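Asks:
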Amino acid sequence: MIQISALPAFTDNYIWLLQDHSTQRCAVVDPGDAAPVQAWLDAHPDWVLSDILITHHHHDHVGGVQALKNATNATVYGPASENIPARDQALNDNDQISVLGWDFDVYAVPGHTLGHIAYYHHGLLFCGDTLFAAGCGRLFEGTPAQMHHSLGRLAALPEDTLVYCTHEYTLSNLKFAVAVEPGNPDIAARLEKVSRQRSEGIMTLPSTLALEKLTNPFLRTAETSVKQKADERNGQRNQTPSEVFAALRAWKDTF
1 MIQISALPAF TDNYIWLLQD HSTQRCAVVD PGDAAPVQAW LDAHPDWVLS DILITHHHHD
61 HVGGVQALKN ATNATVYGPA SENIPARDQA LNDNDQISVL GWDFDVYAVP GHTLGHIAYY
121 HHGLLFCGDT LFAAGCGRLF EGTPAQMHHS LGRLAALPED TLVYCTHEYT LSNLKFAVAV
181 EPGNPDIAAR LEKVSRQRSE GIMTLPSTLA LEKLTNPFLR TAETSVKQKA DERNGQRNQT
241 PSEVFAALRA WKDTF
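Structure follows, in structure tokens:
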């Protein structure tokens with residue numbers, strides 16, 4: 001069995017740590033800072049960092065890669081079309097890799113960045129800054145249509161899939177979700193739970209796709225209530241779910 005835990009970094013990042021207890025090898029996802037990973041390795045000298053998985057090129061996801069590569073010679077995986085430090089294996093859509101004995105499917109999910117990828121192993125999704133708990137990433141490079149399509153690909157995975165995104169944004173995202181769907185009881189219940197968790201310093205991840213489909217407005221663009229609120233917000237009739245998504249994302253950017 002592989003154990004998954006979080007190494008906090010910066011103010012709200014999580015570096016995901018995967019441990020294979022049968023081999024004492026481990027992997028990390030999106031180490032924007034080498035220090036938390038190196039501190040964990042120093043505290044567990046019998047463990048070897050063998051793999052580093054990168055979803056996209058932003059500094060808070062790749063800033064620690066070179067130092068970790070130098071210290072451990074771990075294999076670095078990352079998107080082929082982005083500049084990833086010390087990358088050993090360039091990945092494209094529909095590639096498959098084996099890490100710690102687990103097979104991962106690679107999904108191209110452009111939107112936040114143009115080359116962003118996600119890693120999926122049955123029941124587990126490492127999605128970087130594409131899908132967040134109750135939200136999604138900003139569109140720094142891609143278009144609303146690209147991001148809407150990317151989210152749709154991820155939403156089509158099994159509903160019990162655990163969602164390992166890389167930021168603790170859940171509380172602020174849910175406050176926006178309530179503004180979009182004030183009558184949604186699932187969002188209200190989740191907001192109450194997450195508010196309690198954060199007040200106690202408890203992390204809110206991973207989520208599940210089932211929960212996201214109930215409470216994440218960016219996965220609910222086909223819902224009548226969401227469309228009506230988006231229409232009201234930007235004063236036009238959004239004809240397609242992609243247009244609803246664009247209206248929501250623009251609203252969230254100023255929320």
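Residues in the sequence shown are numbered consecutively from 1, following the UniProt record's numbering. Yeah, the Cβ is synthetic: ideal placement off N, Cα and C, and Gly gets one too. Quick caveat, the model's predicted, so the values are computed rather than measured.
1. Just how far apart, CA to CA, sit tyrosine 14 and glycine 32?
2. So who's on the other strand from arginine 196, going by DSSP bridges?
3. Mind checking whether the beta-carbon of proline 185 lies closer than 6 Å to any heavy atom of the ligand ZN?
4. Following the continuous alpha helix (DSSP H) through alanine 179, name the residue where it begins and the one where it ends.
5. On a CA-only basis, which of Gly128, Arg25 and Ile52 is nearest tyrosine 169? Give me that one, please.
6. Should alanine 27 and aspartate 51 be called a contact, given that it needs their Cβ atoms to be closer than 7 Å?
7. Looking at the unbroken beta strand (DSSP E) that takes in histidine 121, where does it start and where does it end?
8. In chain order, what residues of the same chain have a beta carbon less than 6 Å from the beta carbon of tyrosine 164, not counting five sequence neighbours either side?
9. From which residue to which residue does the alpha helix (DSSP H) around arginine 233 run?
10. With a Cβ-Cβ cutoff of 7 Å, do tryptophan 40 and glutamine 24 count as a contact?
11. Do you know offhand how far threonine 113's Cα is from threonine 221's?
12. Which residues in the same chain as serine 225 place their Cβ atom closer than 6 Å to its Cβ, once the five residues preceding and following it in sequence are excluded?
13. Between the Cα of phenylalanine 104 and those of Ala34, Tyr77, Gly142 and Ala230, spot the shortest distance and give me the residue it belongs to.
14. Between the Cα of glycine 64 and those of Ala80, Pro36, Asn83 and His44, spot the shortest distance and give me the residue it belongs to.
15. Go ahead and label alanine 9 buried or exposed: buried means 16 or more other beta carbons lie within 10 angstroms of its beta carbon, across all protein chains shown.
16. On the premise that glutamate 82 lies in contact with glycine 115, defined as a C-beta separation below 8 Å, what is that separation, rounded to the nearest angstrom?
17. Would you mind working out which of Ile202, Ala90 and Arg190 sits nearest leucine 53, comparing C-alpha positions?
18. Note down, in chain order, each residue of its chain lying with its Cβ closer than 7 Å to the Cβ of aspartate 60, except the 5 sequence neighbours on either side.
19. Excluding the five sequence neighbours on either side, which residues of its own chain have a C-beta within less than 6 Å of the C-beta of glutamine 66, listed in chain order?
20. DSSP three-state call for residue 267: helix, strand or coil?
Replies: With the structure as the only source:
1. Using only the alpha carbons, I get a separation of about 9 Å.
2. Partner(s): none; arginine 196 has no beta bridge.
3. The model on display carries no ligand, and the ligand ZN is accordingly not part of it.
4. In the DSSP assignment, alanine 179 falls within the alpha helix (DSSP H) that extends over 170-180.
5. Per the Cα distances, Gly128.
6. Yes, Cβ-Cβ distance for alanine 27 and aspartate 51 is below 7 Å.
7. Counting along the chain, the beta strand (DSSP E) containing histidine 121 begins and ends at 117-121.
8. Cβ within range, chain order: Trp16, Phe126 and Pro206.
9. Following the DSSP letters along the chain, one finds arginine 233 inside the alpha helix (DSSP H) bounded by residues 224-234.
10. At a Cβ-Cβ threshold of 7 Å, tryptophan 40 and glutamine 24 do not count as neighbours.
11. In this structure, the alpha-carbon of threonine 113 lies about 21 Å from that of threonine 221.
12. Taken in chain order, the residues that qualify are Glu181.
13. Phenylalanine 104 has its Cα closest to that of Tyr77, out of Ala34, Tyr77, Gly142 and Ala230.
14. The candidate whose alpha carbon is nearest that of glycine 64 is Pro36.
15. So alanine 9 counts as buried.
16. About 4 Å separates the two Cβ atoms, so the contact holds.
17. Leucine 53 has its Cα closest to that of Ala90, out of Ile202, Ala90 and Arg190.
18. Result list for aspartate 60: Phe10, Asn13 and Gly32, in chain order.
19. Result list for glutamine 66: Pro85 and Ala86, in chain order.
20. No statement about residue 267 is possible, as the shown extent of the chain runs from 1 to 255 and does not include it.
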